[in-house]
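All remarks here apply to the structure that follows.
2 protein chains.
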Amino acid sequence: MAQSNPPFMSGVPELLLLQLLNEQEMYGYELVRSIKTVTRDAISLGEGVIYPVLHSLERNGSLKSKRKAVGGRTRVYYTLTRKGGARLEKLQDDWRRIQGGVATALAGSANA
Amino acid sequence: MAQSNPPFMSGVPELLLLQLLNEQEMYGYELVRSIKTVTRDAISLGEGVIYPVLHSLERNGSLKSKRKAVGGRTRVYYTLTRKGGARLEKLQDDWRRIQGGVATALAGSANA
DNA sequence: TGAAATACCTTTTAGTTCAAGGTATCCTGC
DNA sequence: GCAGGATACCTTGAACTAAAAGGTATTTCA
């Protein structure tokens with residue numbers, strides 16, 4: 140039946156979004172540029188990645204959104220729910236675990 | 140035409156394999172268990188991940204293999220080529236970049 | 001008026017990883 | 001002498017993620 144676990148590496152886009160939205164509400168287009176800035180260009184995620192993740196997080200109750208008209212354009216602002224906060228903590232833990240795992244491996248013969 | 144870049148997070152299995160093989164020659168089954176050990180259980184990759192990566196690395200000239208009969212079983216030992224060494228360095232850099240990127244983002248409002 | 005930036009979104013394609021299954025040998029205990 | 005578990009190789013099929021590209025519409029500014 141092959142019920143796959145989520146690929147162990149994934150969820151970084153999701154992690155970054157939740158992290159930023161935990162600090163302040165933002166809208167999609169803003170998040171696209173924020174991620175680039177905040178990671179000092181190390182990570183650049185296009186709109187085709189951001190919007191689908193945003194929508195799925197809202198669907199599962201991790202985010203809530205609010206439309207605001209600014210000038211003539213509409214912006215959709217997102218904020219974390221309590222569930223989103225829990226999700227963020229889980230993803231942070233996951234990340235630290237695998238980051239630590241890779242670091243240990245890389246330390247193998249290196250410098251030291 | 141959508142000529143995709145490899146997903147920015149990927150290549151961690153490849154990185155771990157190359158790293159371990161850079162330290163000493165190993166065979167597939169051994170690598171499966173080594174990765175689990177060396178990452179202190181943070182990362183566990185099955186044979187279905189390891190063998191295909193091994194084969195594709197050999198195909199593109201990053202690894203070379205040598206069969207050895209041990210008892211009645213055959214082991215296929217892999218070692219890095221020069222090209223594999225270069226590939227390892229590239230993946231290490233990639234990893235450090237994205238790791239740094241995520242770290243910067245996570246540092247945002249945290250503890251400090 | 002026309003190009004670039006802002007702002008939303010979806011669809012298509014490609015790529016990776018996962019679980020599971022398949023073969024065969026060896027060793028241990030019974 | 002044979003059953004079961006560990007060793008050792010491998011492939012297949014499904015699931016999931018993320019990348020790229022395209023599509024609409026408005027605003028700003030030259």
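Which chain is which? The protein sequence lines are H and U, in order.
Here the first sequence is numbered in my numbering, starting from 140 and rising by one per residue.
Here the second sequence is numbered in my numbering, starting from 140 and rising by one per residue.
Glycine included, each C-beta is placed from N, C-alpha and C at the ideal position.
As the structure is a computational prediction, the values presented were derived from the model and not from experiment.
is_contact[residue i, chain H] using C-beta, thresh 8 Å
i	result
U/Gly185	no
U/Thr218	no
U/Leu155	yes
U/Glu162	yes
U/Asn250	Residue placement at U/Asn250 is flagged as unreliable, the pLDDT there being 44, under the threshold of 50; the coordinate-derived value follows with that caveat. It does not: the Cβ of U/Asn250 has no partner Cβ on chain H nearer than 8 Å.
U/Gly247	yes
U/Gln142	Any reading at U/Gln142 must be qualified, since the residue scores a pLDDT of 49, below 50, and its modelled position is unreliable; the value itself is stated next. Cβ-Cβ to chain H under 8 Å: no for U/Gln142.
For residue i, the nearest candidate out of the options (CA to CA)
i	options	result
H/Gly240	U/Asn161, U/Met165, U/Ala181	U/Ala181
U/Gly247	H/Ser149, H/Val151, H/Leu155	H/Leu155
U/Gln93	U/Arg235, U/Lys175, U/Arg214, U/Leu230	The structure shown does not extend to residue 93 of chain U, since chain U spans only 140 to 251, so no value can be given for it.
H/Ala202	H/Leu245, H/Gly150, H/Leu160	Before going on, a small fix: residue 202 of chain H reads as Leu here, not Ala. The residue with the shortest Cα to Cα distance from H/Leu202 is H/Leu160.
U/Tyr216	U/Gly223, U/Met165, U/Gly200	U/Met165
U/Arg221	U/Val188, U/Glu197, U/Ser149	U/Glu197
H/Asn199	H/Glu162, H/Leu184, H/Leu219	H/Leu219
H/Val192	H/Asp233, H/Glu153, H/Leu245	H/Glu153
U/Tyr168	U/Asp232, U/Ser195, U/Arg212, U/Glu162	U/Arg212
U/Thr243	H/Gly150, H/Arg179, H/Arg172, H/Val171	H/Arg179
Cutoff 8 Å: residue i Cβ touching any chain U Cβ
i	result
H/Ser202	Note on residue identity: the sequence assigns Leu, not Ser, to residue 202 of chain H. No - not a single Cβ of chain U is within 8 Å of the one on H/Leu202.
H/Ile237	yes
H/Ile189	no
H/Ala244	yes
Residue range of the unbroken beta strand (DSSP E) whose run includes residue i
i	result
H/Thr178	Careful: H/Thr178 lies outside any beta strand (DSSP E) and carries neither H nor E.
H/Ser204	202 to 209
U/Thr213	212 to 219
Cross-chain neighbours of residue i in chain U, by beta carbon under 9 Å
i	result
H/Thr213	None at all; the shortest Cβ gap to chain U is about 27 Å.
N- and C-terminal bounds of the alpha helix (DSSP H) containing residue i
i	result
H/Glu164	Segment: none, H/Glu164 is in no alpha helix (DSSP H) and carries neither H nor E.
H/Ser195	186 to 198
Chain H contact residues for residue i, given Cβ-Cβ distances below 7 Å
i	result
U/Gly240	Thr178, Arg179, Ala181, Ile182
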